Amino acid sequence: MENLGYSPDQKMSTGFKLAPKRKVNVFRKYMAAMLLLAPLLLFILAFFVVPMIYVFYLSFIEVEGLDVSNASYSIGNYLTFFTDPYFLRSLWMTIKVSVYAVIIALILGYPIALTMAKSSARVRGYLTLLVASPLLISVVVRNFGWYLLLVPNGVIDQFLMGIGITDSPLKLLFSVPGVVIGLANSFLPFMVLSIATSLYNIDPSLEKASSIIGASPLRTFFTVTLPLSLPGVVAGIVLVFSMSMSSYVTPALMGGANVPVLPIVIYEQINTLFRWTFGSAISYILLGVTLISVTIFSRIFERKFKEVFR
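Each residue of the sequence shown is one higher than the one before, starting from 1 at the first, in UniProt numbering.
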């Protein structure tokens with residue numbers, strides 16, 4: 001009989017027991033996987049974990065100007081942020097434009113994702129390519145295109161005044177609406193693809209059963225399709241909100257100094273005022289607010305629709 005790795009005197013027990021050679025093979029596969037992952041893990045450690053720890057360390061240092069000889073350690077940078085109305089308004093502005101961008105991306109993205117899910121495989125492929133294609137273009141180029149469209153007396157203003165909707169140019173550029181439009185446009189593909197993934201996984205027989213028992217297409221959507229697609233909706237909301245909170249290019253181009261969101265404030269503190277430690281503290285405040293907001297939102301949805309998220 002062929003030797004399968006068991007020693008001659010090894011006896012069968014009531015339970016299954018791995019043979020020594022099987023254990024060695026599992027260990028070798030584990031070590032091989034770890035060796036393959038080692039370059040990626042080292043890269044993440046060197047260029048993400050270590051800088052994050054260093055920035056966190058800097059956030060507790062207080063210095064006068066660029067002189068670090070008299071540096072002290074305290075929570076003064078955080079206290080300065082939460083006691084200054086300007087920075088609190090910037091935090092609120094960041095949250096506000098991010099929430100607006102999420103709402104617009106969701107309103108526009110869900111119908112697109114639903115159309116993709118209901119289309120044939122060939123049409124779905126074309127639509128997926130169309131939705132994902134903006135990601136191949138630099139965000140600077142995309143926002144500059146919107147800049148040209150929203151500039152006073154630009155294409156949109158000329159069109160609206162030509163059809164009589166408005167008599168004067170709209171002030172969309174360098175305003176909250178301009179930033180929201182830019183953010184929603186930049187991150188719309190992430191919302192669409194997240195929702196579409198959930199819609200693809202819905203069993204068509206569930207919607208068919210709903211129609212068989214007499215439910216209208218609208219009722220089927222609200223009682224079957226929408227609830228089952230909520231995991232994708234939540235994923236899209238989390239992605240768009242997180243990226244909007246940390247976006248710098250879009251608010252800088254579309255809002256300028258009129259929309260001082262926290263990423264712009266951080267840039268000014270570090271690169272203009274050379275307040276590196278205070279900028280580090282603001283960075284971690286932005287990170288903390290984003291993580292807390294996303295966690296609370298996800299928990300609320302999971303508890304409210306626990307059956308869907310199982």
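Just so it is clear, CB atoms sit at the ideal spot from N, CA and C, and this is done for glycine as well. All values reported here derive from a predicted model rather than from experimental measurement.
Query: The segment 118-128 in contact with the segment 202-212 per 3-pair CB rule at 8 Å; Result: no
Query: Limits of the alpha helix (DSSP H) - the one that Pro-85 falls within; Result: 85-118
Query: Reference Tyr-73; option with closest CA among Phe-60, Ser-119 and Asp-84; Result: Phe-60
Query: Burial state of Pro-231 (16 or more Cβ within 10 Å); Result: buried
Query: Per-residue burial, Met-1 [other beta carbons within 10 Å of its own, 16 or more giving buried]; Result: Reliability fails at Met-1, whose pLDDT of 44 lies under 50, so the model's placement of it is uncertain and no value is given.
Query: Straight-line gap, Pro-39 to Pro-152 (C-alpha atoms, nearest Å); Result: 50 Å
Query: Assigned secondary structure, Asn-201 (DSSP; H/G/I helix, E/B strand, else coil); Result: coil
Query: Stretch-stretch touch, CB-based, cutoff 8 Å, three pairs: the segment 296-307 with the segment 226-243; Result: yes
Query: Given 8 Å, three or more beta-carbon pairs between the segment 48-56 and the segment 242-257; Result: no
Query: Burial state of Arg-89, where buried means 16 or more other Cβ atoms lie within 10 Å; Result: exposed
Query: With 16 other Cβ atoms within 10 Å as the buried cut-off, status of Thr-94; Result: buried
Query: CB-CB length for Met-245 against Gly-182, believed under 8 Å; Result: Contact flag wrong, Cβ pair sits at about 14 Å.
Query: Cβ-based neighbour list, Ser-242, same chain, cut-off 7 Å, excluding 5 preceding and 5 following; Result: Thr-290 and Val-294
Query: CA-to-CA distance, Ile-137 to Thr-197, given in whole angstroms; Result: 23 Å
Query: Touch test, the segment 176-195 against the segment 110-120, Cβ-Cβ under 8 Å, three pairs minimum; Result: yes
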